[in-house]
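Chains as they are written, first to last, in our numbering: chain A, 162 to 332; chain B, 62 to 211.
Don't be surprised by glycine CBs; every beta carbon is placed ideally from N, CA and C.
As the structure is a computational prediction, the values presented were derived from the model and not from experiment.
Report on the following structure.
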C-alpha cells in the first residue's frame, strides 16, 4: 500500500472484520455445561493430555453471561430442555453452539418419549460432532471447524444482521 | 405353600382371588378394593411382619382385560422372606386405593405409576407427575403410546 514505507514494519493492515473474527476465534470461551458421558470427553479435552488451552479455550466459564460457545455434550432430556434454553438465552451475542455426540445431534440410541431428538430442534447448531462419545480428537477437530467458520463470519454485513434478526424473532 | 397364604385366606377369604407359585416366589392376586386392609394386616400381624414395601410396579397387559396390574413387593425383615401382591384393574379408568397411609414409601412409587402408566391412586396426598415434565401429555409406558421419540 505504500504506507508501510513510512511506518516501517511496526504496523499491519487488515479489514476490521478479519481482525475481529480472528480475535473471536482465538479466545472462544465455552460455557461449563455437561449433560452425560460426552461431558467426560469434554473434560479430558480441557485437561493436560489434549489441552484445549492451545486454542485459547481453557477458560470454561461458569456463568453463561461470560461464555460465547455452548457445547451440548450429551443426551438432552425433555425435562432438561428448559434449563438449556435458559442458559443459551443468557449467553451474550455473538454465540455459537456445538452439538457433541450422537445424542445431541439426533437423540442417538435414545429414540424415546423422554429425549429430545436432536438439539437442533431448539438451538441453531454450528458444528455437529458424531460419535458415541466422540474422542477428544473429534471434539478438537469440531472446534477447529468452528474456528474456520468464525474466521469466515461476515458479521458486519447485511447477511449477519438478518441472521441476528431471525434468531431474535425465534426467541 | 407360603406362610402368608393361610393367614390371608383365613382373614380375607373373599379377597384372595388366586395363588401363583413360580420358582419359589409366591404371588397373590387380590381384590383391589381390599388392598389397604390386606397390607395393613400383613404389616401389623406379628407372625407376618411385612413392614417393608420394597416396590410398587404397574404392568400393562394389553389387550387382556382387566388390563392393568399393580404389583406390591413386600419384605419381612423379621422372617427374611418376600411376598408379592397383585391387583388387576380395568383398562378404562384404572383406580385403586392409595396405600400411603400404610407404607409412607408408597408416596413416590404411586406417583411414578401414575406418571408413566396413568393409574390413579385414590387418597394419595400429592398425586402429580414425578419424573416427566408437568406439561407432558399421555402416559408413555402404556402399550398404545408411540415407541419412538418425536
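CB-CB length for residue 273 (chain A) against residue 110 (chain B), believed under 8 Å:
The residue labelled residue 273 (chain A) in the question sits at position 112 within the first chain. The residue labelled residue 110 (chain B) in the question sits at position 49 within the second chain. Between residue 110 (chain B) and residue 273 (chain A) the Cβ distance is about 40 Å, and since that is not below 8 Å, they are no contact.
With 8 Å as the threshold, decide whether the Cβ of residue 206 (chain B) is near any Cβ in chain D.
In the structure shown, chain D cannot be found, because the protein chains are A and B.
Could you work out which residues of chain A lie near residue 209 (chain B), taking near to mean beta carbons separated by less than 9 Å?
For the purposes of this step, residue 209 (chain B) is taken as the residue at position 148 of the second chain. Proximity of chain A to residue 209 (chain B) at the Cβ level (cut-off 9 Å) is accounted for by 272, 273, 274 and 278, in chain order.
What's the gap between the Cα of residue 161 (chain A) and the Cα of residue 264 (chain A)?
For chain A, the structure presents residues 162 to 332; residue 161 (chain A) sits outside this window and is missing.
For chain A, is any of its Cβ atoms less than 8 Å away from the one on residue 186 (chain B)?
Here the question's residue 186 (chain B) lines up with position 125 in the second chain. No, residue 186 (chain B) does not count as interfacial toward chain A.
Could you check if residue 62 (chain B) is buried or exposed, using at least 16 other CB atoms within 10 Å of its CB as the buried criterion?
Taking the second chain and counting its residues from 1, the one referred to as residue 62 (chain B) is at position 1. When all chains shown are included, residue 62 (chain B) counts as exposed.
Below 8 Å on the Cβ atoms is my contact criterion, and I expect residue 260 (chain A) with residue 286 (chain A) to pass it. Report the Cβ-Cβ distance as a whole number of Å.
Here residue 260 (chain A) is taken as the residue at index 99 of the first chain, counted from 1. Here residue 286 (chain A) is taken as the residue at index 125 of the first chain, counted from 1. 5 Å between Cβ atoms; contact.
Own chain residues within Cβ distance below 6 Å of residue 202 (chain B), not counting five before or after
In the second chain, counting from the first residue as 1, residue 202 (chain B) sits at position 141. Here the set comprises 177 and 178.
Please return the same chain residues whose Cβ sits closer than 7 Å to the Cβ of residue 307 (chain A), not counting the five positions on each side in sequence.
Locating residue 307 (chain A) in the first chain gives position 146, where the first residue counts as 1. 257, 259, 287 and 288, listed in sequence order.
Does the separation of the CB atoms of residue 190 (chain A) and residue 229 (chain A) fall below 8 Å?
Along the first chain, read from residue 1 onward, the residue named residue 190 (chain A) stands at position 29. Along the first chain, read from residue 1 onward, the residue named residue 229 (chain A) stands at position 68. Yes, the Cβ-Cβ distance between residue 190 (chain A) and residue 229 (chain A) is below 8 Å.
Supposed close pair residue 128 (chain B), residue 136 (chain B) - CB separation, criterion 8 Å:
Against the second chain, residue 128 (chain B) aligns to sequence position 67. Against the second chain, residue 136 (chain B) aligns to sequence position 75. Between residue 128 (chain B) and residue 136 (chain B) the beta-carbon gap is near 28 Å, outside 8 Å, which marks them as no contact.
Are the beta-carbon atoms belonging to residue 112 (chain B) and residue 130 (chain B) less than 8 Å from one another?
By 1-based counting over the second chain, the position of residue 112 (chain B) is 51. By 1-based counting over the second chain, the position of residue 130 (chain B) is 69. Their beta carbons are not under 8 Å apart, which means residue 112 (chain B) does not touch residue 130 (chain B) by this criterion.
So residue 253 (chain A) and residue 226 (chain A) are in contact, right, with Cβ under 8 Å, and what is the actual spacing, rounded?
As a first step, residue 253 (chain A) must be located in the first chain, where it is residue number 92. As a first step, residue 226 (chain A) must be located in the first chain, where it is residue number 65. 6 Å between Cβ atoms; contact.
Classify residue 299 (chain A) as helix, strand or coil using the three-state DSSP reduction.
Reading the first chain from its first residue, position 138 is the one you call residue 299 (chain A). In the structure shown, residue 299 (chain A) sits in a helix (DSSP, three-state: H, G or I).
Whole-angstrom distance between residue 77 (chain B) and residue 107 (chain B), CA atom to CA atom:
Residue 107 (chain B) sits at position 46 when you count from the first residue of the second chain. Residue 77 (chain B) sits at position 16 when you count from the first residue of the second chain. Residue 107 (chain B) and residue 77 (chain B) have their C-alpha atoms spaced approximately 20 Å apart.
DSSP beta-bridge partners of residue 261 (chain A)
Position 100 of the first chain holds residue 261 (chain A). Note: residue 261 (chain A) sits in a beta bridge opposite A:234 and A:290.
Could you pull the start and end residues of the beta strand (DSSP E) that residue 186 (chain A) belongs to?
Taking the first residue of the first chain as position 1, residue 186 (chain A) is located at position 25. Per DSSP, residue 186 (chain A) lies in no beta strand (DSSP E) segment; the continuous alpha helix (DSSP H) that holds it begins and ends at 177-187.
Segments of 4+ residues assigned as alpha helix (DSSP H) that fall wholly inside the stretch 75-133 of chain B:
Runs of the alpha helix (DSSP H) inside the stretch 75-133 of chain B: 96-105.
Is it buried or exposed for residue 170 (chain A), if we count other Cβ within 10 angstroms and need 16 for buried?
Translated into the one-based positions of the first chain, residue 170 (chain A) becomes position 9. Flag for residue 170 (chain A) reads exposed.
Taking DSSP as the reference, what is the three-state secondary structure of residue 198 (chain B)?
Reading the second chain from its first residue, position 137 is the one you call residue 198 (chain B). Looking at residue 198 (chain B) - three-state DSSP - the assignment turns out to be coil, as it is neither helix nor strand.
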